[in-house]
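Notes follow the structure.
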């Protein structure tokens, strides 16, 4: 009996483990190894160069631009997305009379907010590229129609506006998903807690701060991790939408784009692998930091 | 013993995240096992035949040939026609692949040392040629260039090509690629529009500024450019500099000589384009337009002049109204003492064909190119593709459209005075630095002096980088 069980476990685990090693771990190991070489991507051999590629990262001004832009996105995109997501989700549940029903038509809103999630990121980037067109784009057109022609700008071609314009697209495209996520979390809060808050005379804001927010904290934490990773990537939107791409003059450069350019346009796979490894550690650190408090709290019995 | 075999939720999630982020980085490397040993045996052994007048490259009859063609705007019918000739002549089986993702398809095959016999290394996902060359993956085409041309008695293949074509494919004095199409860069306008307004296309920069003033007064933007890709506005700028400084300036730039980018010709040209922007002669918003958007605005008559290469006419088919009759003009001269004449044009060949160094049938590969670059084949290509082939006289006797006709005339007027910069192909990172700087220049965020300083800094950094293979001309 016991013997058969081990055989069953081994049979179930080993194929999955083998696939994991071949398809996940071995590419990792190769990427780590290649980051220490000068591999060009087409040569049959690679020469070991030690930490040379990593030393080079510090002097690559475009890569440093990319790190700076990713850092800005890492702060702005999750905060704003989660802020808007929480606001919309709680309005759909708490905005109406009695504090529990949600404002009129909230079901329809939930579906509408989710729409961007149905489009591929590339399609979103192309569409927003048209919206930002300085001459016949929707945004400048709307500003001019509203008599605010003075505010019309060349959104993607101004160094100070290009990165905010890209971040706006990232936020727009992901808010809907988090509205749905937070809605589900709020749905999971026992109704009695809201009723008790109502009886105690709590207003909308107090209810949100004292009841809703603490009880959806887990979801918010997870959202931070996913959005942080999206902000560290942002490759597709930047590649499709921006001037250059990555411009003007590095204003929207991101690590993923630098990596792609070095690997596939400059034939510097070794150097690009070093960027990939750096990005890997950045992402890992982010995930560990964001999830750690939650884990400690779970260890303490309620 | 009853510990749960399932790992906790956090490690699982973290593993998933890690996978998702780096899989994109690692995936292309999986197929290419660089760590594996190389094969030193000559893959072409036993695949050569006896040379003769009819078979100057010594192709072995019956040896199979594998051809990979970029199937882009020109299709791949032209390549199949040459393959049919080859198959018949050598009773060989020709394996043809017409694909678009050349890089993705061939990278693992180069790494594994089993490349095809002929590669048309073209398109957005082509392999970086400088990288291929420095990895010693490209075969010497010297024998092919010295072989007699297929259908022009008394001439070698080298003799039949337009000026600069051999140089374009030469790395460290060895010819490694042969380019099928001939591209000329210049400034485009609509001939009927200029005729109706009584405008003549300027030959000097002062005339250009005067013309721009009258175009602007007529309510049309004088210039637009493909702002999303600043290399388009680079071409006329660097052409103007090349005309002022002549071959010496181009050579200094390409050879990464100290202070090459501070030459008066380059600074003068940069000042000219800064002036163009400063006087408001560039259509507002151009800096954010993609090539299709800017070219559409030009085709709709919102702007009078646009810089582009000779592919513009075929690219604008379907967008341009009939009787627009676009023509290409050479870039005006900046000074009266320019080293090159005003009709000199920037011209380079592209659609680059190569025979891999590790090909199984290199003689067959070169013979295939000899057939493809014959006058008859080039003429058929010109007719179907609507572009200039790099074989001289290939358009003789053909009725050409307005744009292509103007390109052919520009090449004839330039004579031997065609020029091209090689740094774009040799040093892609420098090309990026130049594009970024020029984008800033024409948006008036840097001055001509700052433009030259920052490019010089990038060129110096590259010159001092021992990990980059250097070329000279």
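Residue numbers (the UniProt record's numbering), protein chains in the order written: chain A, 1 to 302; chain B, 1 to 473.
Where is the CB? At the ideal position from N, CA and C, for every residue including glycine.
Of the residues assessed, residue 281 of chain A falls on the exposed side of the cut-off, its CB having fewer than 16 other CB atoms within 10 angstroms. Taking 9 Å as the Cβ-Cβ cut-off, the region 49 to 60 of chain A approaches chain B at 49, 52, 56, 59, given in chain order. When rounded, the separation of the alpha-carbon atoms in residue 143 of chain A and residue 131 of chain B is 48 Å. For residue 107 of chain B, at least one C-beta of chain A is nearer than 8 Å to its own C-beta. Shown in chain order are the members of the region 153 to 185 of chain A whose Cβ falls below 8 Å from a Cβ of chain B: 154, 155, 156, 157, 159. In the three-state scheme derived from DSSP, where H, G and I count as helix and E and B as strand, residue 304 of chain B is classed as strand.
For residue 65 of chain A, the nearest beta carbon of chain B is not closer than 8 Å to its own beta carbon. For residue 70 of chain B, there are no C-beta contacts with chain A under 8 Å, since the nearest C-beta of that chain is about 16 Å from it. Here the alpha carbons of residue 263 of chain B and residue 229 of chain A stand approximately 46 Å from one another. Residue 295 of chain B is classed as buried because its beta carbon has at least 16 other beta carbons within 10 Å across all chains shown. In the three-state DSSP reduction, residue 180 of chain B falls in the strand class (E or B). Looking from the CA of residue 212 of chain B, the closest CA among B/291, B/98, B/408, B/275 belongs to B/275. Under the three-state reduction of DSSP output, residue 395 of chain B falls in the coil class, being neither helix nor strand. Shortest Cα-Cα distance from residue 178 of chain A to any of A/90, A/270, A/59, A/32 involves A/90. Scanning its chain for C-beta atoms nearer than 7 Å, with the 5 sequence neighbours on each side dropped, one finds around residue 58 of chain B the residues 48, 49, 50, 51, 363, in chain order. By the neighbour-count criterion, in which 16 or more other beta carbons inside 10 Å mark a residue as buried, residue 392 of chain B falls on the buried side.
Within chain B, no C-beta atom comes less than 7 Å from the C-beta of residue 70 of chain A; the nearest is roughly 12 Å away. Contact between residue 249 of chain B and residue 265 of chain B holds: their C-beta atoms lie close to 5 Å from each other, under 8 Å. Residue 383 of chain B: member of the alpha helix (DSSP H) spanning 375 to 385, first to last residue. Rounded to the nearest angstrom, the gap between the Cα atoms of residue 62 of chain A and residue 152 of chain A is 29 Å. When Cβ-Cβ separations below 8 Å define contact, residue 77 of chain A makes no contact with chain B. Under a criterion of Cβ atoms nearer than 8 Å, the residues of chain A adjacent to residue 137 of chain B are, in order, 42, 43.
Within chain A, 42 have C-beta atoms less than 7 Å from the C-beta of residue 132 of chain B, given in sequence order. Secondary structure at residue 410 of chain B: helix, using DSSP grouped into helix, strand and coil. Distance from the Cα of residue 194 of chain A is smallest, within the candidate group A/53, A/268, A/210, for A/210. Secondary structure at residue 346 of chain B: strand, using DSSP grouped into helix, strand and coil. With a beta-carbon spacing of about 12 Å, residue 66 of chain B and residue 120 of chain B fall beyond the 8 Å limit used to define contacts. The straight-line gap separating the alpha-carbon atoms of residue 335 of chain B and residue 183 of chain B is approximately 26 Å. Scanning its chain for C-beta atoms nearer than 7 Å, with the 5 sequence neighbours on each side dropped, one finds around residue 186 of chain B the residues 328, 329, 330, 331, 345, 410, in chain order. When DSSP reads this structure, residue 96 of chain B sits in a beta bridge with B/67. The beta carbon of residue 423 of chain B sits closer than 7 Å to the beta carbons of 253, 254, 430, 431 from its chain, once the five residues preceding and following it are set aside; these are given in chain order. Within the same chain, Cβ atoms closer than 8 Å to the Cβ of residue 235 of chain A are found at 254, 256, 257, 260, the five residues on either side in sequence being excluded. DSSP, reduced to helix, strand and coil, places residue 351 of chain B within a strand of the structure shown. Beyond the five residues adjoining it in sequence on each side, residue 42 of chain A comes within less than 8 Å, by CB distance, of 267 in the same chain, given in chain order. Residue 259 of chain B sits in coil when the DSSP states are folded into three classes, being neither helix nor strand. In chain A, no part has a C-beta under 9 Å from the C-beta of residue 361 of chain B; the shortest such distance is about 20 Å.
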